[in-house]
Amino acid sequence: MTTLTQNRGRRGALWLRRAVGLLATVAATFFGLLLVTFLIGRIVPVDPVLAVVGDRAPQSVYDKVFHELGLDRPLWEQFWMWLQKVATGDFGTSFLTKKPIVEDIRRVFPATLELATVSIIIGTLVGVPAGVWAAVRQGRWADQLVRVLGLVGYSAPIFWLGLLGLLIFYAKLGVVAGPGRIDIAYEYSFTPETGLYLWDTARQGAWDAFGNAFSHIILPASLLGYFSMAYISRMTRSFMLAELGQEYIVTARVKGVPEWRIIWVHALRNAAVPLVTVIALSYAGLLEGSVLTETVFAWPGLGQYLTNSLQNADMNAVLGGTLVIGAIFVGLNLLSDLLYSMLDARVRRGS
Amino acid sequence: MSLLNVENLRVTFPTRQGPAEVVRGVSFTLGRERLGIVGESGSGKSQTGRAILGLTPHPGTATADRLEFDGIDLRGLSARQWRGLRGKRMSMVMQDPKFSLNPVMAVGKQLMEVLRTHGASRAEARRAALEMLEAVQIRDPERVFRAYPHELSGGMGQRAMIAMMLVSAPDLLIADEPTSALDVTIQIEVLRILDRLVQERGMGLIFISHDLRLVSSFCDRVLVMYAGRVVEELRASDLSQARHPYTQGLLNCLPQIDGDRRPLPTLDRDASWAE
């Protein structure tokens, strides 16, 4: 028994050391992200002073603001000042909404988070079994079907699919709600605590509002889910084909293990390791906010906010948004790395 | 009654140039004895072994005039009937434990799976698996039980593989090059373990190898295969009296400790052997 606990303890320590190493990598990556974001803000040909004073201000006012913003100091000093501000959560004020960037992002990001999360759940729940199915029936009609569906999902423009979906399921059949996150009638029947409507309404027991929010989200989420499902199913298929050709699958057959167990336990358990990265990156892609989908469905998310800001040269908002997206990517990469080492004993050992 | 009866076994794979027959009419019977099958790569020895287990890889097909295991006709068994036989009554040790063990499943779990699949309880399976690991002379069965395949050495992994294939006490074991991936020093150890267990339990063993000398010292009878056919069948002790030119050629190529042989003998193939 002692060896057992010792062994477990050693594994725990290794895991911890790995986590610390990862955190160091993340910190370095994050610093790089901050630096690049800052430089983007300095390189784009947008005058931050004009954004503050307007283009009709006299030269004296312009010079005063130029000095106040610290633009006359060396670049590294400006970066340091910006870092100090960012560290306290101050990204400046949006020129467009006249509100702090943090507040803006806090408002738009939950909409994107909710949509992306429902989408990736749909994409994974459909995509992984579809890919497994296609791999098992390689070359037969089931495989062809999944491949064609995947190809369509991958190549059809999403705004077109979105408009078509709205036309059929909203306008003609009336089975889902239209654009927007929720009907105005339900908007005040719950308090948005997190901004994730499904979560908030469910927690507060406002089931009518939940149903309404659900019928609003299901169409755009299905479309985005279809998009990621196309990618996930193709990757699952190829990972599964590689695993099903391995010798240990023959071993399992020799042992008399039933076919479903060979597929879902032996092969998928091995295919799941690289699949984690695929799903995490798809999720990160969705969290950036999909501008087209958000536009078609009038979804007040990050993608729309960023596009608007960029078109209006609202640099503070663009930088804040870029930083959030970068942070999401870094975070999801970290998460998938950790999942990797949980799923695969070989990674757990190596360092 | 013999344990295994094979008559006119043929394994065919469709190719772009038409069907390719890799096993062409192999016949033999096996009692509770050790039968060696030798031959070079591509001679069909591995496919013979897999066909007996019904594991001819897709899209190949195996046909035979007679394929009987302990009175059971193996031709046309349903998937369920096959699963009832495999692992429980017949099993196979494969070449390289690096590939033949599932990398993300602990060794003990893979051992238990054999017994769990055939209806043993968890506690029972665990106990039997640990006992079996001990029987293949693993000193610390508890540790190996919990270990993942990559944490074991090649010899250790192959012992675990043997344990896994023998844990349900099958009647027939096919060993497909079980020592080819191991160091020479470990080969002997693993073979000894295999030999002892097969003897003790009175199993039938088909030992597939390309190593003529190994097979002759380890088996009772030897089949020599060439291009999908059995070209010669002889008692292992009579190997030196082999009559077929291919077997003679192979024997002639074995290195000898005393005597320097130059030029090194090569095997002259005769097209008529493949007929």
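Residue numbers (UniProt numbering), protein chains in the order written: chain U, 1 to 351; chain Y, 1 to 275. Note that the Cβ used here is the ideal one computed from N, Cα and C, for glycine as well. From a predicted model like this one, the values you see are computed outputs, not experimental measurements.
{"Item": "Alpha carbon to alpha carbon, what distance is there between Gln246/U and residue 354/U?", "Value": "Nothing can be reported for residue 354/U, as the shown portion of chain U is limited to 1 through 351."}
{"Item": "Report the rounded CA-to-CA distance for Gly285/U versus Tyr62/U, giving the unit in angstroms.", "Value": "40 angstroms"}
{"Item": "Could you tell me the distance, in whole angstroms, from the CA atom of Ser43/Y to the CA atom of Glu68/Y?", "Value": "23 angstroms"}
{"Item": "So, under 8 angstroms CB-CB, Ala160/Y and Leu133/Y are touching, yes? Tell me the CB distance rounded to an integer number of Å.", "Value": "7 angstroms"}
{"Item": "Buried or exposed: where does Gln6/U fall if 16 or more other Cβ atoms within 10 Å of its Cβ makes it buried?", "Value": "Residue placement at Gln6/U is poorly supported in this model, since its pLDDT is 49, which falls under 50; the coordinates still yield a value, given next. Exposed, because fewer than 16 other Cβ atoms sit within 10 Å of the Cβ of Gln6/U."}
{"Item": "Would you report the Cα separation of Lys98/U and Ala317/U, rounded to the nearest angstrom?", "Value": "11 angstroms"}
{"Item": "Determine the chain Y residues that contact Gln246/U at a beta-carbon separation under 7 angstroms, and present them in chain order.", "Value": "Phe99"}
{"Item": "Check each residue of the stretch 106-121 of chain Y: if its Cβ is closer than 7 angstroms to any Cβ of chain U, include it; give the result in chain order.", "Value": "Glu113, Val114, Thr117, His118"}
{"Item": "Which chain U residues sit within Cβ distance under 8 angstroms of Lys45/Y?", "Value": "Here the premise fails: no neighbours, minimum Cβ distance about 16 angstroms."}
{"Item": "Starting from the C-beta of Leu4/U, find all residues in its chain whose C-beta is less than 6 angstroms away, skip the five residues before and the five after it, and write them out in chain order.", "Value": "Any reading at Leu4/U is ruled out, since the residue's pLDDT is 46, under 50, leaving its predicted position unreliable."}
{"Item": "Could you check whether the Cβ of Gln144/U sits closer than 8 angstroms to any Cβ belonging to chain Y?", "Value": "no"}
{"Item": "Using only CA atoms, which one of Val250/U, Thr293/U, Val324/U lies nearest to Phe87/Y?", "Value": "Checking the displayed sequence, the identity of residue 87/Y turns out to be Gly instead of Phe. Selected option, being the one with the closest Cα: Val250/U."}
{"Item": "Please report how far the alpha carbon of Asp73/Y lies from the alpha carbon of Leu173/Y, in whole angstroms.", "Value": "18 angstroms"}
{"Item": "For the candidate residues Ala13/U, Asn270/U, Leu339/U, whose alpha-carbon lies nearest to that of Ala106/Y?", "Value": "Asn270/U"}
{"Item": "Counting pairs of Cβ atoms below 8 angstroms between the stretch 210-220 of chain U and the stretch 174-188 of chain U, do you hit three or more?", "Value": "yes"}
{"Item": "Taking just the CA atoms, how far does Glu151/Y sit from Gln158/U?", "Value": "The sequence given here places Ile at residue 158/U; Gln does not occur at that position. Each residue's Cα considered, the two are about 48 angstroms apart."}
{"Item": "Does the beta carbon of Ser217/Y sit closer than 8 angstroms to a beta carbon anywhere in chain U?", "Value": "no"}
{"Item": "Closer than 9 angstroms by beta-carbon distance: list the chain Y residues that pair up with Arg269/U, in chain order.", "Value": "Asn102, Val104, Met105"}
{"Item": "Please confirm if Met94/Y has its CB atom under 8 angstroms from at least one CB of chain U.", "Value": "yes"}
{"Item": "Anyone know if the C-beta pair for Ile184/U and Tyr197/U falls short of 8 angstroms?", "Value": "no"}
{"Item": "Identify which residue in Ile263/U, Ser233/U, Leu287/U has its Cα closest to the Cα of Leu275/U.", "Value": "Ser233/U"}
{"Item": "Cα-Cα, which of Thr322/U, Gln204/U, Ser336/U, Leu69/U is closest to Gly32/U?", "Value": "Thr322/U"}
{"Item": "If we call anything under 8 angstroms between Cβ atoms a contact, is Val254/U one with Met92/Y?", "Value": "yes"}
{"Item": "May I have the straight-line CA-CA distance separating Glu294/U from Gly205/U, to the nearest angstrom?", "Value": "27 angstroms"}
{"Item": "Can you list the residues of chain Y that Pro258/U reaches, using a CB-CB cut of under 9 angstroms?", "Value": "Ala79, Arg80, Arg83, Thr117"}
{"Item": "So the candidates are Gly119/Y, Asp211/Y, Val190/Y; which of them puts its Cα closest to the Cα of Ala135/Y?", "Value": "Val190/Y"}
{"Item": "Is it true that the CB of Ile193/Y sits closer than 8 angstroms to the CB of Gln137/Y?", "Value": "yes"}
{"Item": "For Ser27/Y, name the three-state secondary structure that DSSP assigns.", "Value": "strand"}
{"Item": "For Val114/Y, which residues in the same chain have their Cβ closer than 7 angstroms to its Cβ, ignoring the five residues on either side in sequence?", "Value": "Gly87, Met164, Val167, Ser168"}
{"Item": "Select from Ser222/U, Thr194/U, Phe190/U the residue whose C-alpha is nearest the C-alpha of Trp207/U.", "Value": "Phe190/U"}
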